[in-house]
Amino acid sequence: MNETKSHIAHSGEGVKFLGIEIGSHYSRIQPKKMSTFKGKLKRVTRRNGGKPLLEVIKQLNPLLRGFSQYFRIANANREFKKLAAWLRRRLRSVQLRLWKKPTRLHRRLRQLGYEGSFRYICMDSWRNAASPLASYSMPNQWFNDLGLVNLEHVRTGYVFSHYAEWKCA
């Protein structure tokens, strides 16, 4: 037995095993694993890549499916929702950068029936990717229609929910 890798711990403090922290009544993704995965997503969604959004989504989908299937045993609903929102904002930023000029954003907004006033918006800003104009022109459903894997629909806590059903029966 390798003494550097194994230890005895109280169930209240949790044990880190294969990227998941497991406690007596919880399991969650280790923060280091989440930040590593975000780094992978950042490399795929570089704003200066110049690739069409559909191509970026095709590259993202296998990563998202693999990550969600591996970590679905953890109770990670909140983390998956935060990650999905962050990724959609990142993709909005990529699309704004591809459109280059605000007139293309205004054209998209007019196509959707937006009748408010248009302000100048910087097309390569992370901050403006979360603006109401960007969210209106590229709603969450738009990303679903483009085929992006939606992490909010992944059922998490898979092992623990089955264990609870088995224990109560």
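Residue 22 in numbering that gives the first Met the number 0 sits at position 23 of the sequence shown; the count goes up by one each step and never skips. Cβ atoms here follow ideal geometry from the backbone N, Cα and C, with glycine treated the same way.
Ser124 and Pro51 have their alpha carbons spaced roughly 18 Å apart. In the three-state scheme derived from DSSP, where H, G and I count as helix and E and B as strand, Phe117 is classed as coil. Counted as a single uninterrupted DSSP element, the beta strand (DSSP E) harbouring Ile28 occupies residues Ser26 to Ile28. Using a Cβ distance threshold of 8 Å, Tyr135 and Leu97 do not count as a contacting pair.
Under the three-state reduction of DSSP output, Lys100 falls in the coil class, being neither helix nor strand. Separation of the CB atoms of Arg88 and Val153 is rounded to 19 Å, and the pair is thereby denied contact status at 8 Å. Taking a cut-off of 8 Å on C-beta distances, the stretch 99 to 116 does not touch the stretch 70 to 86, as fewer than three cross pairs fall below it.
If you compare the alpha carbons of Lys57, Val43, Trp85 and Gly49 with that of Arg126, the shortest gap goes to Trp85. Remark: C-beta atoms of Leu40 and Leu59 approach each other more closely than 8 Å. Cβ-Cβ distances below 7 Å link Lys32 to Gly18 in the same chain, with the five nearest sequence neighbours on each side left out; the list follows chain order. CA-CA distance, Lys99 to Met122, rounds to 6 Å. By the criterion of a C-beta distance shorter than 7 Å, Leu63 is surrounded in its chain by Val148 and Leu150, once the five residues flanking it on both sides are discounted. When DSSP states are grouped into helix, strand and coil, Val153 belongs to the coil group.
Distance from the Cα of Gly115 is smallest, within the candidate group Leu132, Arg91 and Arg45, for Leu132. Judged by DSSP in its simplified three-state form, Glu20 adopts strand.
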